[in-house]
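Enquirer: Going line by line, the protein sequences match chains B and V. Quick note: the first sequence uses UniProt numbering, first residue 1, plus one each step. Quick note: the second sequence uses UniProt numbering, first residue 1, plus one each step. Here it is, the structure in full.
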Amino acid sequence: MSNLLKENLKKQEKDGLSSNAGLNLSNLVFYNSGNATSTLSTTSTTIANAVVNSTSTSNISYSNSDTISDIRGINERLIRNKSNLSNSSSSKYTQSNKIFDNFSLDNLISPVENSDIEYTSDFGNEDNLMKIYNSSIYDYDEDNMSPYNLRKKYGNEDLTSSNWVKHRKHFFILSSAGKPIYSRYGDESKLSSLMGVIQAIISFYDVDNDEICCINTSTHKIVFLLKTPLYLVCVSQTNETEEQLKLQLIYLYNQILFSLTSVQLTKIFHDRVNFDLRNLLSGTEIYMDELSRKFSIDASFLLKAIRSFRIKNELRNSIGELLNTYRPKNILYGILTYNDKLINIIKPKKQNVHPLDIHLIINMISSTSFRSVESWSPICLPKYNSRGFLYAYVCYLNNYKLSDTEDSNSNTNTNLSSESPISPDSSKIMKTDVCLTLLSPDKNAFFELSNCKKKIEMIFNKNDILKNLSKIINKAELDIADFGIPHLRHVIYKSTKYLQFIETKRLPPYDEPSSYRRLLRSYKFLESKIHGYKKNLKFCYMLGKNELSLLWVRDDFELYASFSPFISKTIAYNDLLLIEKWFKKQDNLFITTSQVF
Amino acid sequence: MNFSGRNDAASANMKPIQVKLVLLGESAVGKSSIVLRFVNNEYQDNKEPTIGAAFLTQRCKLDDRIIKFEIWDTAGQERFHSLAPMYYRNAQAAVIVYDITKPASLEKAKTWVKELQRQANPNIVIALVGNKIDLANNRSVPYEEAEAYANENGLLFFEASAKTGTNIIEVFTELAKKIPYEQILANNKTLNSRTNGQGDNGRVNLNESENNNQDGGQCNC
Ligand SMILES: Nc1nc2c(ncn2[C@@H]2O[C@H](COP(=O)(O)OP(=O)(O)O)[C@@H](O)[C@H]2O)c(=O)[nH]1
Ligand SMILES: [Mg+2]
């Protein structure tokens, strides 16, 4: 079938149907694994035609061509917008449709002293970038919305919705057979024509035993992750790099394994190629949605590290010892978290924890469905073992006053009368955001783990641990004032050794989600420069209209910082040294000696 | 029957009778909302879906007995179906929920009834609950239809709303009244003598479930 399609497309190309393509062909750059930098090869032109002309070649409905003209609409608006900007700054770009030219390496590298190399983007360039973000793209008001509401809000969009094409970043998951499985926005079942096109593009390369990785257009980056029987695709206007987007696709893929295991996944599609996986994944969309959202507002995914909860070493250690003392016999990990931060973890001696697994667990337990109950869920930790399920006992701990007649049973005594279902005893019980997660390979271990939780909860209350934790919660967040450095606005410190990081409180301007997203984007940009550059790059900075952001990388740490844009980079650099010294002196940042058994 | 008894000194000294109860039904019909209304008297719009199963307990006083409900709230999704027997196998009571605005959810409820009749404890007391009557304007399952089905199959029947609290306590009350306690106590006695008086009489025994479930392979630790 794909052979046929290919021929058909080639024929069209000959017939000259390729002109007037919706996407800006002149700027299409294809990367595929076989042929790393084949710019505008004939094949890529053909693929672009596949996108554009598919309506005439196969059973793809008209709604699809509507979208493409919509995309073209945005495209043109962007180009117009851009050329306006370029006219005012430099005319160099007017003929080019590449909006983000200013981020090409050539413009940015300038050698500095001591083998450190810095990047800078001058004011004008960042201006361009910001204006582009502000002008055309869907205005987000989603930061305070629950995933459930988000799905309600965007879940009914389809290719013809004018808003649908404006979303800054789309994620699609389809089966190798082209069946829709997940879309971040819109109703998957209404997107089958689009999924068909994606599948056609992918199988086009498959014929030559090649794999498509990324399509760059003047406005969009389209990244593919092929994990047969699943294809994952990201369509982004966020200026994140191919590697960064690919990592996000890897997270989504692992979220699917988290729910199904690789064994089930393979078996399902082995038995029935056309299986509709949405049946099996229903209920997990919100986890995928949450991940998709967090990619832009949570540094964990950029840093590939675990967010740690800052507490005194003694307290952290005594918590770890208590957990270890009362731990159930047969568990893999015992994890104590406060919201999205890790307080401590206990684990078998030889077993390492992978940040990705922890991220998926934390993403799951932050769902409201885990509040007020004890949960027992089969989950798969892909980095630990993608083939099998573990059973996760999850319970948020309660803070309660121990009565004199110590009753290990904290249940409320109520009667069935409707007037007052809650007894006075329960008013002393206070819910906390401290969550205990125990992972067991035994699906019958629930009551054993539940009893352990009771003991742990009681011993924590006896030792005032929950009370102490709730007391220090304000102090647990790193305050920028602690550094005593003027003009410093934000810091992230990651330990490469422990794969953990800590971040300062989001003070103005970063209490605004849009500003924080912008800050993360600049960090992402710096990260891509440091890690994407061949030579051993240690330091780079970016000066923008809103802030001066810097990244300094050494063997054992990565330090991201943001300063007022009016400060010189030399001063900022010296401040970085001070900040790093400060961090080196702290002993309460990370879990350095986790309890092993 | 007197249902309003407070938790006085006499009853506090009594050992509660444990009643294992399981909630079943299609996802999003309101199972979790019903339990949370019953146990904590709380309700949340836009409750996020349960993953796996959730366990809750609630003590109640019925006449001169103290009953401790041990409740398994299961996730309705397809992929957890194979785990369901683990939760209903030893249950003495089941609440099967459908959504009165979704006819398909009643059909799903009926398949649960059949599965329980085939595979659960033969003395299990089942209540069929049509949830979301606060949305009666959008009703698409007639009261009479569901009631007739319930009568045919010997189920308790209620329409209720977790959102407003209507009929929620009644569901659990009527279930509690129909449980054959003498039998449970007798069972517990034999169980106690066998297991040397373990404290967890009559709870959902996860340990009895078979080990050949198709879980996609056990992990290797
Ligand atoms: N209007 C209304 N909505 C309800 C009621 N009970 C639950 N819901 C909503 O229905 C959805 C699914 O509820 P949930 O308890 O998670 O269902 P479950 O999947 O069966 O556990 C949530 O958005 C609830 O807020 C009710 O009595 N009335
Ligand atoms: Mg539920």
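Glycine included, C-beta positions come from ideal geometry on N, C-alpha and C.
Quick check on DSSP: helix, strand or coil for L356/B?
Expert: Here residue 356/B is taken as the residue at index 356 of the first sequence, counted from 1. L356/B falls in the helix class under three-state DSSP.
Enquirer: Is the CB-CB distance between Y154/B and Y185/B below 7 Å?
Expert: Your numbering for residue 154/B matches position 154 in the first sequence. Your numbering for residue 185/B matches position 185 in the first sequence. Result yes, Cβ atoms of Y154/B and Y185/B sit closer than 7 Å.
Enquirer: Buried or exposed: H81/V, going by 16 or more other Cβ atoms within 10 Å of its Cβ?
Expert: Counted from its first residue, the second sequence places residue 81/V at position 81. Result: exposed.
Enquirer: In the DSSP output, what is I492/B paired with across the bridge?
Expert: Position 492 of the first sequence, counted from the first residue, corresponds to residue 492/B. Paired residues: E503/B, Y560/B.
Enquirer: Using beta carbons (cut-off 7 Å, strictly below), is E374/B in contact with chain V?
Expert: Here residue 374/B refers to the residue found at position 374 of the first sequence. Interface residue, yes.
Enquirer: Can you find a C-beta in chain B that's less than 7 Å from the C-beta of P85/V?
Expert: In the second sequence, counting from the first residue as 1, residue 85/V sits at position 85. No, P85/V does not count as interfacial toward chain B.
Enquirer: Measuring only between beta-carbons, confirm whether N40/V sits less than 7 Å from chain B.
Expert: The residue you call residue 40/V lines up with position 40 of the second sequence. Output row for N40/V: interface = yes.
Enquirer: Apply the 10 Å Cβ neighbour rule to H170/B and answer buried if 16 or more other Cβ atoms are within range, or exposed otherwise.
Expert: Indexing the first sequence from 1 puts residue 170/B at position 170. Looking at its Cβ environment, which holds 16 or more other Cβ atoms inside 10 Å, H170/B is buried.
Enquirer: If you follow the beta strand (DSSP E) that D206/B is in, where does it begin and where does it stop?
Expert: Position 206 of the first sequence, counted from the first residue, corresponds to residue 206/B. Premise fails: D206/B lies in the alpha helix (DSSP H), 192-206, not in any beta strand (DSSP E).
Enquirer: Over the uninterrupted alpha helix (DSSP H) stretch that includes Y523/B, give me the two end residues.
Expert: Start at 1 with the first residue of the first sequence, and residue 523/B comes out as number 523. Where Y523/B is concerned, the enclosing alpha helix (DSSP H) stretches over 513-532.
Enquirer: For G25/V, write down the residues that DSSP places opposite it in a beta bridge.
Expert: Against the second sequence, residue 25/V aligns to sequence position 25. The partner list for G25/V (beta bridge, DSSP) reads V97/V.
Enquirer: Using a beta-carbon distance below 7 Å, is A54/V in contact with chain B?
Expert: By 1-based counting over the second sequence, the position of residue 54/V is 54. It does; some Cβ of chain B falls within 7 Å.
Enquirer: Confirm, please, whether the CB-CB distance from Y510/B to Y516/B is below 7 Å.
Expert: Translated into positions along the first sequence, residue 516/B becomes position 516. Translated into positions along the first sequence, residue 510/B becomes position 510. Against a cut-off of 7 Å, the Cβ pair of Y510/B and Y516/B comes out as a contact.
Enquirer: Which residues in chain C sit within 8 Å of N149/B, going by Cβ to Cβ distance?
Expert: Of the chains in the structure shown, none is chain C; the protein chains are B and V.
Enquirer: Below 7 Å between beta carbons: does that hold for D340/B and I362/B?
Expert: Locating residue 340/B in the first sequence gives position 340, where the first residue counts as 1. Locating residue 362/B in the first sequence gives position 362, where the first residue counts as 1. The answer is yes: Cβ separation under 7 Å.
Enquirer: Does the distance from the C-beta atom of L191/B to that of S203/B stay below 7 Å?
Expert: For the purposes of this step, residue 191/B is taken as the residue at position 191 of the first sequence. For the purposes of this step, residue 203/B is taken as the residue at position 203 of the first sequence. No, these two residues do not count as a Cβ contact at 7 Å.
Enquirer: Can you tell me whether V273/B is buried or exposed? The criterion is at least 16 other CB atoms within 10 Å of its CB, across all chains shown.
Expert: By one-based count along the first sequence, residue 273/B stands at place 273. Classification for V273/B: exposed.
Enquirer: Excluding sequence positions up to five away, which residues of its chain have a Cβ less than 6 Å from the Cβ of V39/V?
Expert: Walking along the second sequence from the start, residue 39/V turns up at place 39. Excluding sequence neighbours, V39/V sits near L56, Q58.
Enquirer: Please compile the residues from chain B whose C-beta is within a distance smaller than 9 Å of the C-beta of S161/V.
Expert: Taking the second sequence and counting its residues from 1, one reaches residue 161/V at position 161. In chain order: nothing, as chain B lies at least about 14 Å away.
Enquirer: For the candidate residues P441/B, R168/B, E188/B, whose alpha-carbon lies nearest to that of N156/B?
Expert: On the first sequence, position 156 is the one that residue 156/B refers to. Here the closest residue by C-alpha is E188/B.
Enquirer: Thinking C-alpha only, which one of Y493/B, S236/B, L507/B is nearest I579/B?
Expert: The residue given as residue 579/B occupies position 579 in the first sequence. With distances taken between Cα atoms, I579/B lies closest to Y493/B.
Enquirer: Quick one: is N385/B buried, meaning 16 or more other Cβ sit within 10 Å of its Cβ, or exposed?
Expert: Working through the first sequence from its first residue, we reach residue 385/B at position 385. Answer is buried; the Cβ neighbour count reaches 16.
Enquirer: Sort R310/B, Y400/B, M288/B by Cα distance to M364/B and report the nearest one.
Expert: Sequence index remark: in the first sequence, residue 364/B carries index 364 (1-based). Here the closest residue by C-alpha is M288/B.
Enquirer: Give me the chain V residues within the contact set of T368/B, using Cβ-Cβ distance strictly less than 9 Å, ordered along the chain.
Expert: Against the first sequence, residue 368/B aligns to sequence position 368. Per Cβ cutoff of 9 Å: Q44, N46, K47, E48.
Enquirer: With H, G and I counted as helix, E and B as strand and the rest as coil, what does DSSP make of C452/B?
Expert: Reading the first sequence from its first residue, position 452 is the one you call residue 452/B. C452/B falls in the helix class under three-state DSSP.
Enquirer: With 7 Å as the threshold, decide whether the Cβ of S568/B is near any Cβ in chain V.
Expert: Taking the first sequence and counting its residues from 1, the one referred to as residue 568/B is at position 568. Judged by the 7 Å Cβ criterion, S568/B is not in contact with chain V.
Enquirer: Please give me, in chain order, every unbroken run of the alpha helix (DSSP H) with length at least 4 that falls completely inside the region 287-338 of chain B.
Expert: Within the region 287-338 of chain B, the complete alpha helix (DSSP H) runs of at least 4 residues are 300-303, 313-326.
Enquirer: Is the closest heavy atom of ligand 2 to the C-beta of S32/V under 6 Å?
Expert: For this step, residue 32/V is matched to residue 32 along the second sequence. It does: the Cβ of S32/V is within 6 Å (strictly closer) of some heavy atom of ligand 2.
Enquirer: Per DSSP, V171/V is paired with what?
Expert: Residue numbering aside, residue 171/V sits at position 171 when the second sequence is read from its first letter. Partner(s): none; V171/V has no beta bridge.
Enquirer: Does the distance from the CB of H487/B to the CB of F583/B come in under 7 Å?
Expert: Here residue 487/B corresponds to residue number 487 of the first sequence, with the count starting at 1. Here residue 583/B corresponds to residue number 583 of the first sequence, with the count starting at 1. Against a cut-off of 7 Å, the Cβ pair of F583/B and H487/B comes out as no contact.
Enquirer: Residues of chain B with CB closer than 9 Å to the CB of Q77/V, please, in chain order.
Expert: Looking up residue 77/V in the second sequence gives position 77. The contacting residues are N279, L280, L281, S282, G283, T284.
Enquirer: Taking one C-beta from the region 72-91 of chain V and one from the region 394-403 of chain B each time, how about it: are there three or more such pairs within less than 8 Å?
Expert: No, the region 72-91 of chain V is not in contact with the region 394-403 of chain B.
Enquirer: Quick one: is I51/V near chain B, going by C-beta distance under 7 Å?
Expert: As a working note, residue 51/V is residue 51 in the second sequence. Cβ-Cβ to chain B under 7 Å: yes for I51/V.
Enquirer: What does M430/B pair with, by DSSP beta-bridge criteria?
Expert: As a first step, residue 430/B must be located in the first sequence, where it is residue number 430. In the DSSP output, where bridge partners are listed per residue, M430/B has N399/B.
Enquirer: Between N308/B and chain V, is there a C-beta pair that is closer than 7 Å?
Expert: The residue labelled residue 308/B in the question sits at position 308 within the first sequence. First, the residue type needs correcting, since residue 308/B is Ser and not Asn in the sequence shown. With 7 Å as the cut-off, S308/B does not count as an interface residue toward chain V.
Enquirer: Give a yes or no on whether the C-beta atoms belonging to V97/V and A127/V are separated by under 7 Å.
Expert: Here residue 97/V is taken as the residue at index 97 of the second sequence, counted from 1. Here residue 127/V is taken as the residue at index 127 of the second sequence, counted from 1. No. Outside cutoff.
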